[in-house]
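In the working numbering, the protein residues as written are 522 to 672.
In structure tokens:
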């Protein structure tokens, strides 16, 4: 998949996530992740995990208000572990966990963003590449070097 196709798929995925977040809250790890989603157009229904509660207390608090949630932890090893802990905890409380967005996001963004926080910058880079008519990262680097040399 080239970068133009990756961008198209990422933008479509973010649109679907925006739509889904109207009905289900999105659980993220912390403030930087919330800010990243806000940069991408999300304005509400984002819940930060790092609120000083244990995972069980956090899950119980969310389960008292919601029957379905979206978990969007980072796609690194720590984020994967945290996703599994949250999914197990929520499932034990009969809360449906949507992890498909996280899985799809990880697949599409792993090349340029290892976490939710890095998504806006990666998408900006993909757009700049597309707008410059470039199809690969190597072409983008060459263009950036040429710009730098002209200064």
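The beta-carbon is built from N, C-alpha and C at its ideal position, and this holds for glycine as well. Computed from a predicted model, the values in this text were never measured in an experiment.
- Looking at C-alpha atoms only, which residue of 638, 575, 636, 622 is the closest neighbour of residue 607? 575
- Query: According to DSSP, which residues form a beta bridge with residue 619?
  - Reply: 591
- Residues near residue 611 by beta carbon distance below 6 Å, same chain, minus five either side: 580, 618
- In angstroms with no decimal places, state the Cα-to-Cα distance between residue 568 and residue 547. 6 Å
- Message: I'd like the span of the alpha helix (DSSP H) that includes residue 536, first residue to last.
- Response: 524 to 541
- Item | Proximity winner among 523, 584, 626, 631, relative to residue 673 (alpha-carbon distances) | No answer is possible for residue 673: it lies beyond the span of the chain, which begins at 522 and ends at 672.
- How is residue 569 classed by DSSP in three states: helix, strand or coil? Looking at residue 569 - three-state DSSP - the assignment turns out to be strand.
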